[in-house]
Each structure stands twice: as structure tokens, then as C-alpha cells.
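Counted from 1, the sequence shown has number 545 at position 545 by full-length UniProt numbering; the numbering is strictly sequential.
Here a beta-carbon is modelled for each residue, glycine too, at the ideal position from N, C-alpha and C.
All of these numbers come straight from a predicted model, not from anything done at the bench.
What follows is a short report on a single structure.
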Amino acid sequence: MMKNLRQKFSIIYLCLVIMIAILGIVSVLNFYNLSKTIDGLMTDNYESLKIINNMIEALERQDSAILTYTSGNRELGLNDFNANIDKFLMWYYKEQNNITEAGERELVDQIKEHYMKYINAFHQLSELSDEKNQTYIMEYYTTVIHPIFLLLKDDLQTLWDINETAMFRGKARTTENAQTSTYLILFTSVIAAVGGFFTSRFFANKFTRPVEHLTKSMKEVQAGNLDTRIDVVSDDEIGQLSAEFNKMTEKLLLFERSTLGEVMMEKSKSLAIIKSIADPLMVLDNDYRILVVNKAFESVFQAKETQVHKKHFLEIVRMSELYDYISSILSESNTQHKENIFYLEFGKEHYYFNIIVNKVKDIESKMNGIVVLFQNVTELKELEKMKTNFISTISHEFKTPLTSIMMGTSLLTDCTLGKLNTAQKNVLSSMEEDGQRLANLVDDLLYLSKLESARFVYDMLPAEIDSIIKSTIKPFYIQAANKKIDLQYSVEQKLPKVCVDQEKITWVLNNLIGNAIKYTKANDIISIQVYKQNDKVYISVKDTGIGIPEEYLDRIFEQFVQVENSDLEIRGTGLGLSIAKEIVTAHGGEIWCESMLDAGSCFTFTLPVYRVNT
1 MMKNLRQKFS
11 IIYLCLVIMI
21 AILGIVSVLN
31 FYNLSKTIDG
41 LMTDNYESLK
51 IINNMIEALE
61 RQDSAILTYT
71 SGNRELGLND
81 FNANIDKFLM
91 WYYKEQNNIT
101 EAGERELVDQ
111 IKEHYMKYIN
121 AFHQLSELSD
131 EKNQTYIMEY
141 YTTVIHPIFL
151 LLKDDLQTLW
161 DINETAMFRG
171 KARTTENAQT
181 STYLILFTSV
191 IAAVGGFFTS
201 RFFANKFTRP
211 VEHLTKSMKE
221 VQAGNLDTRI
231 DVVSDDEIGQ
241 LSAEFNKMTE
251 KLLLFERSTL
261 GEVMMEKSKS
271 LAIIKSIADP
281 LMVLDNDYRI
291 LVVNKAFESV
301 FQAKETQVHK
311 KHFLEIVRMS
321 ELYDYISSIL
331 SESNTQHKEN
341 IFYLEFGKEH
351 YYFNIIVNKV
361 KDIESKMNGI
371 VVLFQNVTEL
381 KELEKMKTNF
391 ISTISHEFKT
401 PLTSIMMGTS
411 LLTDCTLGKL
421 NTAQKNVLSS
431 MEEDGQRLAN
441 LVDDLLYLSK
451 LESARFVYDM
461 LPAEIDSIIK
471 STIKPFYIQA
481 ANKKIDLQYS
491 VEQKLPKVCV
501 DQEKITWVLN
511 NLIGNAIKYT
521 KANDIISIQV
531 YKQNDKVYIS
541 VKDTGIGIPE
551 EYLDRIFEQF
561 VQVENSDLEI
571 RGTGLGLSIA
581 KEIVTAHGGE
591 IWCESMLDAG
601 SCFTFTLPVY
611 RVNT
């Protein structure tokens, strides 16, 4: 009895090896017999044909020697005749020792008999030569010697035909044997292949069937059926593994029963926490179907949990942009929550929700749920709206009297109402400077409140960013020259168009370039660069001015943030960069700052490339 898989699989290998060995032995035997047949064909009949050909050649040379002899050159003819006797007899004896076919020996003996007559006839001719005339000699050759020559040639041709026929017969037999061997090897190969396939399949199925049962049982356990058991049908490794698997499932079942109460308690706690959250919350599965909602969700969206369970959330929360937002988060690799504010009208109520999305992952880092929190920021938005309206109202109220003050100061400074002494001029100059600064602040506040207004609309059109920058930068060349600042501009060739509100982007450029000129000194450099990377156009304004302290870099785009350092107090409104960020963000771009104190600053913002909808 085989007790391990190695022995069982060794049986399969042994069966296959035996079949291959049988096929090899049959092939070797057939090729050996075929080789012997070919060797016999080449060594016997082919050798005989070669010998016969040499005998015919020697005989014909002797006939030529006789003709030479009868023509008068007797010594040369006699020498040639005798020399070819040795050659003929040498090949004759080789043929005598290479007889392989029936009737060949009798024919060989007959050739010898006729050849002896041929030699004797020539000797008789040589004895008559001295006594007879030339006519008699030629008549003797024609009537006695030449008939024997023809008889010998016929005998040799007959011997040639016997061996040639035997050779072709052997070739046909060899071809037949080769075909038979081919069919035999092919038949044996088919038998070996079919037998090997069914043998290996039989044993493989027999040996792997327990593995299939084990795999199926594991899937059952994975599905939660911990009472699954496997029948142990063998003592090999699979049987041992099956026994251990049964022990494992038994322990898991005991563990589940012992911890089920704790798990249910923790689940109840989690549900209680979810239900107690004041803001609407829903838990989705990977297919965006609702699993759990809290009381606040039911109240806002007027739907009971039992009614929305396993439904797609869009059936309840009809916000396609929310679906796009959640989908974009799922495509990201990080697990940190994302926030975004959405406006929602539901019945007569309207809400502002800060949507916070968290991925839920298991211990294997696989996502198995989504938590969506609708943080209600409606009151904050209302307060922000009130603040914006208040700032807008105050700014408008300030603007009229401030304009009167600025006009009066200007009239006094121009001496329109009378001459002023130096002290008075200094006071008025200071008043005019502070008034202008206050006027700029009012303008920025009005512009900011306009941007934050829900009624504000951007006039987005495709445009060449190069032409926008060139028209914007043109007035700054004079200011830069007055301060002895080198203002440079470089643009990448063949830039694509961008979809922008030209007025707003011009405002951003004016602010960045104006700040750069304001906070740089003589002989400094301001460089404006435009280039494309991926699907965005990058615009950077870089200077070699005083720079920004590191602690301000994270706050520089916040409202009313003003930077101070030991060399200079930057006396701006604290709103310009905040407004610039609002505009760039509304265009779908980003803006950031890189700076080092006393080394200059680089402000960069991006704009998406314009794409034609097809």
C-alpha cells in the first residue's frame, strides 16, 4: 500500500517511462533491420555491378588490342591484350567470390569458359600471323574471335541484368520495409501516447480527487460554513492534511461560538455610535448600496433605514456630483478622509454639507465599505454669507467718504486752495498715502465679496495665455525700469489654449507681478516663465527680492495675512493672494509659493489645458 504522494506519482512516471522504452526498442529494431537491408544492397549487388562494368571495360580493351595487333602493330597489341587478361581475371575472381543471386554462379562459370576460348583463339591468331596474309587474319578475327567477344559481352550483360534486377528488387523491399517500420512506429507511438494519456489521467484524477474535495471544503469554510468536514480516505499527505483541516475547522467553530457574543456586542456598540452622530451618515458597500444610515440621515432625507437598505444611494441622495466625488476618492490609493462642500435642496429646506468620505479596509487592506458623513455646515455658511454682506456694505459705506477725503487731500497737495509749508505738505503726503492704502483695502474687500457671492459668474472662454501675459506685463516694464529691475519673460513654443476668464487671470498676474516689483530692489531680476507639463499650463513669477520667512509660507494665501521681517514691513492689504487663490481654484488650477529669506520668491499657478468636446 502506497502511503505518500511521491510513491503514487512515481507510478505515473514509471508507466510513462515503460511506454517510452517500448517505443524506443521498437524503433531501434526496425531501424537496425532497415540499416542491414540497405548495407546488403550496397555491398552485394552494387559491388557486382561495379565488377561487371570493369570486366566489360577490360574485355573491350582486349578487343581493341586485337584490332591493333591485326593492323600491323603486333607488339603493342600483344602487350595490351596480355595486360588486360590480368585485369579481367582479377575482377572475375572478385565476382566469383561475390555471388548472391540464383543462376549467377552458372553464368560466372560460363563466362570463364568463354573467356578461355577467347584467349586461346587469340593465341592461335598470333601463331598464324607469320604464315598467313592480312586478309586471312581479318577473316579469322571476324569468324572466330569476334563472335566469342560478342558472346562474352552478352554473358556479362546478362550477369549485369541479374544483379541490377536484384538491386532494384532489394530497393523495393527496403522501401516496403521502411514503410512497414514507419507504420509500426507510428502505431506504437499512438498506442503509447493514448495509453500514457489515459494512464496519467486515471492516476492523476485518482490522486488529486482528495485535493479537489479539500479545496471545495476550504471555500465552504471561507463562506462561513465552519461545520464543514472532509472524509479522510487515504493515509498520504492529503489524508493527513484533511485530518488537520477537520481539526482546524472544529477549533474555528468553537472559537466562533465563544466569540460570537463579543462580536455582536461590538457591532451593537458601533451601530449605537453611528446612530448617535448628530450629522447625517451612511455606510455603503463597494457597489454604492446603502448598508446603514443614522437617525439624522433619516430625518434630512426623509427615508427610513428599512426602506433604503441595499438600495443605491443615488435613489435617495439625488446628487450625481456626489457620486463622481466618491468615485474619484475610491480611485486614490490613500485612506485619509476627503472633504468637499455640497449644496443640497431637499423639499423646502436647503443645506450646505461638508462631505467627508472614508474608505473602510479589512486586515488585508482590501476595501470593503465606504463611510460618508454629511457634516452640516449650513449655519457656518449663513454666517459667512452674513460676514460677506456686512463687509460689502461697510466697504460701500467707506468708499464714498474715502473718495471725498482723497479728493480733498489731492486739492490741498496741488496748492489749489493756497500754498502750504513743508510741514503741511509732509502731513498731507502721509494722509494721501494712508488714504490710498485704505482705498486699496476697500477695493480688495469689494472684489473679494464679489468673488464669494453665489451670483458671481466667470466668463470662461478659450484663449492664448501668451497674449494675456504679454498685454498684462507691458505696463510693468516702465515700473521695473524706474526701479532698475530686470523684468524677463520666456514662453514655451506652441502652447495649447486655456479656458479662462481673461479679466480674472489678468488680475492674478497683475497682483503677482506688482508684488514682485514692490518687494525687489535695484539690480534684482524678475523672471516670468510659461510652460506646459502633462495637461496643465504652468505660469511662474520668480524674483530675487527679499523673500518670505518660512513660517509664513503655509499661511500666505489666507485672508488678511501680512508678512513682516527685519528689513521691511510689507504694507499690503493682506487680501491680494487670497483673491488670487480664489480665482485660480475656480479655474480648476492650483497656486503655491516657494521662497527663501533674502533669496527671493517664486509664485506658480496652473491652468488646465483647453480641450474641444467632440
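Counted within 10 angstroms of its Cβ, other Cβ atoms place residue i as buried (16 or more) or exposed
{"i": "isoleucine 290", "result": "buried"}
{"i": "isoleucine 20", "result": "exposed"}
{"i": "valine 300", "result": "buried"}
{"i": "histidine 587", "result": "buried"}
{"i": "isoleucine 202", "result": "Rather than isoleucine, the amino acid found at residue 202 in this sequence is phenylalanine. Exposed, since its Cβ has fewer than 16 Cβ neighbours within 10 Å."}
{"i": "alanine 65", "result": "buried"}
{"i": "tyrosine 93", "result": "exposed"}
{"i": "glutamine 62", "result": "buried"}
{"i": "threonine 135", "result": "exposed"}
{"i": "isoleucine 273", "result": "exposed"}
{"i": "lysine 304", "result": "exposed"}
{"i": "alanine 192", "result": "buried"}
{"i": "aspartate 543", "result": "buried"}
{"i": "serine 328", "result": "exposed"}
{"i": "leucine 486", "result": "Here residue 486 is aspartate; the residue named in the question, leucine, does not match the sequence. Looking at its Cβ environment, which holds fewer than 16 other Cβ atoms inside 10 Å, aspartate 486 is exposed."}
{"i": "aspartate 567", "result": "Unreliable placement is indicated for aspartate 567, whose pLDDT of 46 sits below 50; the coordinate value is still reported in the next sentence. Its Cβ having fewer than 16 others within 10 Å, aspartate 567 is exposed."}
{"i": "phenylalanine 198", "result": "exposed"}
{"i": "leucine 575", "result": "buried"}
{"i": "asparagine 205", "result": "exposed"}
{"i": "aspartate 155", "result": "buried"}
{"i": "glycine 435", "result": "buried"}
{"i": "asparagine 534", "result": "exposed"}
Residue i - containing beta strand (DSSP E), residue span
{"i": "leucine 49", "result": "Not the beta strand (DSSP E): leucine 49 falls in the alpha helix (DSSP H), residues 46-70."}
{"i": "methionine 90", "result": "Segment 74-96 is the alpha helix (DSSP H) holding methionine 90; no beta strand (DSSP E) there."}
{"i": "threonine 306", "result": "No beta strand (DSSP E) contains threonine 306, which is instead part of the alpha helix (DSSP H) from 305-308."}
{"i": "valine 541", "result": "536-543"}
{"i": "phenylalanine 605", "result": "600-608"}
{"i": "tyrosine 531", "result": "525-533"}
{"i": "tyrosine 458", "result": "Careful: tyrosine 458 lies outside any beta strand (DSSP E) and carries neither H nor E."}
{"i": "valine 144", "result": "Looking at the DSSP string, valine 144 is not in any beta strand (DSSP E), and its letter there is neither H nor E."}
{"i": "aspartate 486", "result": "486-491"}
{"i": "glutamate 594", "result": "591-596"}
Extent of the continuous alpha helix (DSSP H) to which residue i belongs
{"i": "lysine 348", "result": "Unbroken run through lysine 348: none, as it is neither H nor E."}
{"i": "threonine 506", "result": "502-518"}
{"i": "isoleucine 469", "result": "465-473"}
{"i": "lysine 581", "result": "576-586"}
{"i": "methionine 138", "result": "134-140"}
{"i": "glutamate 321", "result": "320-330"}
{"i": "serine 365", "result": "First-last for serine 365: undefined, no H or E at that position."}
{"i": "tyrosine 288", "result": "Note, tyrosine 288: premise wrong, no alpha helix (DSSP H); not H, not E."}
{"i": "residue 622", "result": "A question about residue 622 goes unanswered here, because the residues of the chain that appear run from 1 up to 614."}
{"i": "glutamine 479", "result": "476-482"}
Whole-angstrom C-beta distance between residue j and residue i, which should lie under 8 Å
{"i": "histidine 114", "j": "leucine 151", "result": "5 Å"}
{"i": "threonine 472", "j": "leucine 509", "result": "4 Å"}
{"i": "leucine 373", "j": "isoleucine 356", "result": "4 Å"}
{"i": "threonine 101", "j": "isoleucine 51", "result": "Here residue 101 is glutamate; the residue named in the question, threonine, does not match the sequence. So it is not a contact: roughly 13 Å between Cβ atoms."}
{"i": "phenylalanine 122", "j": "phenylalanine 81", "result": "6 Å"}
{"i": "valine 609", "j": "lysine 536", "result": "7 Å"}
{"i": "valine 292", "j": "leucine 271", "result": "7 Å"}
{"i": "valine 371", "j": "asparagine 358", "result": "5 Å"}
{"i": "methionine 167", "j": "tyrosine 46", "result": "6 Å"}
{"i": "leucine 284", "j": "glycine 369", "result": "7 Å"}
{"i": "threonine 604", "j": "isoleucine 546", "result": "That belief does not hold up - the Cβ atoms of threonine 604 and isoleucine 546 are roughly 19 Å apart, past 8 Å."}
{"i": "leucine 159", "j": "leucine 78", "result": "Not quite, the Cβ-Cβ distance comes to about 28 Å (not below 8 Å), so this is no contact."}
When the options are compared against residue i, the one with the closest alpha-carbon
{"i": "isoleucine 517", "options": "Leu281, Gly600, Ala586, Val293", "result": "Gly600"}
{"i": "glutamate 164", "options": "Phe198, Thr142, Glu104", "result": "Glu104"}
{"i": "threonine 215", "options": "Phe245, Ser189, Phe197", "result": "Phe245"}
{"i": "threonine 606", "options": "Gln559, Thr585, Val612", "result": "Thr585"}
{"i": "arginine 209", "options": "Gly196, Val194, Ile230, Phe197", "result": "Ile230"}
{"i": "glycine 195", "options": "Leu420, Ile405, Ile18", "result": "Ile18"}
{"i": "lysine 219", "options": "Thr249, Leu14, Val190", "result": "Thr249"}
{"i": "leucine 512", "options": "Tyr458, Lys484, Ile583, Lys497", "result": "Ile583"}
{"i": "phenylalanine 187", "options": "Ile111, Gly24, Ser276", "result": "Gly24"}
Residue i Cβ short of 8 Å to the ligand SAM heavy atom set
{"i": "isoleucine 22", "result": "For the structure depicted, the ligand SAM is absent and the ligand set is empty, with no information on it obtainable."}
Handout entry: Touching by the beta-carbon criterion (3+ pairs, under 8 Å), the region 69-83 and the region 48-56
Key = no
Practice task
Decide if the region 514-531 is in contact with the region 550-560; the criterion is three or more beta carbon pairs, one per stretch, under 8 Å apart.
Solution key: no
Handout entry: Contact between the region 463-477 and the region 495-510 (3+ Cβ pairs under 8 Å)
Key = yes
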